[in-house]
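Counting from 1, position 162 in the sequence shown corresponds to residue 162 in full-length UniProt numbering; the numbering is continuous, with no gaps.
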Amino acid sequence: MQSLPSLRLTAHLNAVLRFQVGVAEAAAAVVAGDVAHHVVDPEDLLGLDPLAATPLAAALGVIATREPEMWLLALPEPGALTPLRGPTPLNLAAVEVGEAVVAAGGGLALVPHAVGRGVQWRAHRAERPFAPPSSYDAERALGETVLSAAATLTRLGVAAGSRPKDGGAVLAPGYSPRQRVAADRAARLLVACDTALVDDGAAISAHEAEVRARELRRLRRAAADALCAAASWMQR
């Protein structure tokens, strides 16, 4: 799950805002093992060359100045766009790839697109997003969903899936130990749900398969919300 570019960018933009890392260090951490990251700004939202792709290392300092409070991670899906509030082009682009980074005050969002082994970030206009739940509230909701889903799947006698050996999240410097644990747990649950949804978990009827898939999707959404909350809120 650390492979999510939007998770890396959200966490490191917030770390830059809190003076936990420098811009160059943050840019390198966002690129991580990818070949390169570039930013395209066709609507001139950042003042970058609208006809060229700007290396992230050169654009990140400009991006960071566009939001003084915090950056939010979005992991939208059809019917669950939070925290995104539009406009439509942003929502459609973010849902297509399943992730985005949005300024808490609105005005700017960035959506990643894989280009070979690299990533191209497209700047979008953004309405002011919904505030995410606190990390504590999202953790609590996830815990309740885990218990509820486990009870339902146990009653049906179908497999929920196996715990992934990796796939956890690593946040940037400046996040609390609790947020780090919460992000790691949520990211691992996301991976586990995605893996489990590939098959029917030995369900013996269409009804069992449908209920299992529904519970896994509900759990996946709660895990996504918890990961977004952990990455978006950083203690001052």
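Using N, Cα and C, we set each Cβ at its ideal position, and we do this for glycine too.
Own chain partners of residue i with C-beta closer than 8 Å, once the 5 adjacent residues on each side are dropped
i	result
residue 46	39, 59, 62, 63, 66, 108 and 123
residue 29	8, 12, 21 and 172
Neighbourhood of residue i by C-beta distance below 6 Å, restricted to the same chain and skipping five residues each side
i	result
residue 216	193, 196 and 197
residue 152	215
residue 138	225, 226 and 229
residue 41	48, 50 and 123
residue 82	130
Burial state of residue i (16 or more Cβ within 10 Å)
i	result
residue 1	Model confidence at residue 1 stands at a pLDDT of 47, short of 50, so the residue's coordinates are unreliable; what they give is reported in the following sentence. By the neighbour-count rule (16 or more Cβ atoms within 10 Å), residue 1 is buried.
residue 43	exposed
residue 5	buried
residue 51	exposed
residue 147	exposed
residue 135	buried
residue 131	exposed
residue 177	exposed
residue 3	exposed
residue 210	exposed
residue 55	exposed
residue 205	exposed
residue 76	buried
residue 32	exposed
residue 114	exposed
residue 35	exposed
residue 133	buried
residue 10	buried
residue 184	buried
residue 101	buried
Residues that DSSP places opposite residue i in a beta bridge
i	result
residue 109	102 and 124
residue 38	55 and 120
residue 72	102
residue 77	80
residue 115	118
Cβ-based neighbour list, residue i, same chain, cut-off 7 Å, excluding 5 preceding and 5 following
i	result
residue 16	23, 26 and 64
residue 218	145 and 149
residue 223	142, 186, 189, 190 and 193
residue 97	111, 112 and 113
Expected contact under 8 Å - CB spacing of residue i and residue j to nearest Å
i	j	result
residue 7	residue 72	The Cβ separation is near 11 Å, so there is no contact.
residue 53	residue 120	6 Å
residue 80	residue 212	Contact flag wrong, Cβ pair sits at about 19 Å.
- Query: Is the number of C-beta pairs between the segment 82 to 93 and the segment 124 to 135 that are closer than 8 Å three or more?
  - Reply: yes
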